[in-house]
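Engineer: I'd like to ask you about the structure that follows.
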Amino acid sequence: MPDIKQYLNGYDPALLNQIQQLIDQETLGDVLRKRYPEAHSFASNKALYAYVLDLKNTYLKQSGSLSKVIYDDKIHIINHALGLHTQIARVQGGKLKSKNEIRIGAAFKKMPLPFLRMICVHELAHLKEKQHNKAFYKLCQYMEPEYHQLEFDTRLYLTHQAFFGDLYV
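Residue numbers for the sequence shown follow full-length UniProt numbering, so the first one is 1 and each next one is one higher.
Here you go:
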């Protein structure tokens, strides 16, 4: 049996009790589907790259370029993460070049667009702020004002997924 705290550790016990009631009544999926009725259409790596590049060009014009943005089905299992931002150093023609890559957990292929936006904003914020500090979360909220609510709702979705499977097939 999955553990409710797997994605919701650290939240208020009263809130966890409410969520547990929704799980017990098998209505958590109904709540999520009412709020987020459908999955997004950015299923390919090419579409994901275009989407993330558009976000970057809108909010982070002065930050470094992105060389790769892909869905990665190994992230969740290996790293216990939903996405990764990496900076790769490569030698090209005697020069050391740095390239930014973003990998998004493959689970986001079948999630609503606001959840995908939240994780993309999170990984883009790492272009400027490496640590999860006040400035990092301020930047996330600049790019997505509902960032914290979307992060929580994504955790609810992942909890639903652990108990009942995908909502959006």
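Backbone N, C-alpha and C fix where the C-beta goes; we use that ideal spot for every residue, glycine too.
Can you tell me which of the three DSSP states E26 falls into?
Structural biologist: Mapped onto the sequence shown, residue 26 falls at position 26. Coil, per DSSP.
Engineer: Can you grab the Cα-Cα spacing for the pair A125 / Y51, in whole Å?
Structural biologist: As a working note, residue 125 is residue 125 in the sequence shown. As a working note, residue 51 is residue 51 in the sequence shown. Going by the C-alpha atoms only, they are around 15 Å apart.
Engineer: Are there 16 or more other CB atoms within 10 angstroms of the CB of T159, so buried, or fewer, so exposed?
Structural biologist: Numbered from 1 along the sequence shown, position 159 holds the residue referred to as residue 159. Buried is the call here.
Engineer: In the DSSP output, what is R33 paired with across the bridge?
Structural biologist: If you number the sequence shown from 1, residue 33 lands on position 33. R33 is not bridged to any residue.
Engineer: Using CA coordinates, which residue listed in N9, E123, A106, F152 is at the minimum distance from F42?
Structural biologist: For the purposes of this step, residue 42 is taken as the residue at position 42 of the sequence shown. Per the Cα distances, A106.
Engineer: Suppose the cutoff is 8 Å on Cβ atoms and the five residues either side in sequence are ignored; what does the same chain contact list for E129 look like?
Structural biologist: Counting from one through the sequence shown, the residue named residue 129 turns up at place 129. If we look at E129 and ignore the five residues flanking it on each side, its Cβ neighbours are A135, F136, L139.
Engineer: Going by Cα to Cα distance, which pick from D72, E123, H40, E26 is closest to L66?
Structural biologist: In the sequence shown, residue 66 corresponds to position 66, counting from 1. Measuring from the Cα of L66, the nearest candidate turns out to be E123.
Engineer: Quick one: give me the first and last residue of the beta strand (DSSP E) that D72 is part of.
Structural biologist: Residue mapping note: residue 72 aligns to position 72 of the sequence shown, counting from 1. That run of the beta strand (DSSP E) goes 66-72.
Engineer: Quick check: the Cα distance between N57 and H40, rounded to an integer number of angstroms?
Structural biologist: Walking along the sequence shown from the start, residue 57 turns up at place 57. Walking along the sequence shown from the start, residue 40 turns up at place 40. Rounded to the nearest angstrom, the two C-alpha atoms are 21 Å apart.
Engineer: Helix or strand or just coil, what does DSSP make of I4?
Structural biologist: One-based indexing of the sequence shown puts residue 4 at position 4. Coil at I4, not helix or strand.
Engineer: Can you give me the C-alpha to C-alpha distance between T27 and K99, rounded to a whole angstrom?
Structural biologist: Along the sequence shown, read from residue 1 onward, the residue named residue 27 stands at position 27. Along the sequence shown, read from residue 1 onward, the residue named residue 99 stands at position 99. Taking the straight line from one Cα to the other gives about 44 Å.
Engineer: When the distance is taken between beta carbons, is R117 closer than 8 Å to E144?
Structural biologist: Here the question's residue 144 lines up with position 144 in the sequence shown. Here the question's residue 117 lines up with position 117 in the sequence shown. Taking the C-beta atoms as reference points, R117 is found nearer than 8 Å to E144.
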